[in-house]
Structure formats: C-alpha cells, structure tokens
Amino acid sequence: MYYVYVLRSVDFGRFYVGLSDNVERRLNEHNKGKTSSTRFYAPWELVFVENFETRVQAREREKYLKGGSGKEFIKRYYLGL
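Residue numbers for the sequence shown follow the numbering used here, so the first one is 3 and each next one is one higher.
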C-alpha cells in the first residue's frame, strides 16, 4: 500500500505533499530535519492521507496535488483557506 500525504508547517503555515509506504516514518523524518526541502519549516503536522494500491497511482495523485489545481484543492478543502 502507498500513501500520498499532506503536511502543514505548524510555525509557518506552509504545506508539503509527499508519497510514502510508511507515513509515520516519513513524518518523523520531516520533523527531525532529515529532508532538505522541509528541514527549515519543522515542526510538521499531518493534514490528510490518501491510500493507493500501487505506487503509480499514488505518484499520479501526488503530481496532481503538487500542481496549481491540486494546491488550490488542498487549500480549499483541507486547510480551509
């Protein structure tokens, strides 16, 4: 099982979209500064998770959420902006 997840920076309000087979481990890595793109915005909180049967399906969803329409979708439905 693969997961697409959205994190929100507690201090900065930024959000991050990622893909993993273990969301708990990835959130821990983000909060410990092990990911260069999120290191300076920690701590992070999990906003939502979607699960997929295959990595290909999860990657397609991740790509959508990282694009313009996907970012607007996240802001509107999950962040309440």
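Cβ atoms here follow ideal geometry from the backbone N, Cα and C, with glycine treated the same way.
Quantities reported herein were computed from a predicted structural model and do not represent experimental measurements.
When the alpha-carbon of Tyr-7 is set against those of Phe-54, Pro-45 and Arg-78, the nearest one is in Phe-54. Its chain contains Arg-41 and Ala-44 as the residues whose beta carbon lies nearer than 7 angstroms to that of Gly-35, once the 5 sequence neighbours on both sides are disregarded; these appear in chain order. Boundaries of the alpha helix (DSSP H) harbouring Tyr-79: 70 to 79, taken from the DSSP string.
Taking 7 angstroms as the cut-off, the beta carbon of Lys-68 is found no closer than this to the beta carbon of Val-25. The alpha-carbon separation between Arg-16 and Ser-39 amounts to approximately 12 angstroms. Comparing alpha carbon positions, the residue from Leu-29, Asp-23 and Val-12 closest to Met-3 is Asp-23. Annotation: Thr-37 to Glu-31 spans about 7 angstroms, alpha carbon to alpha carbon.
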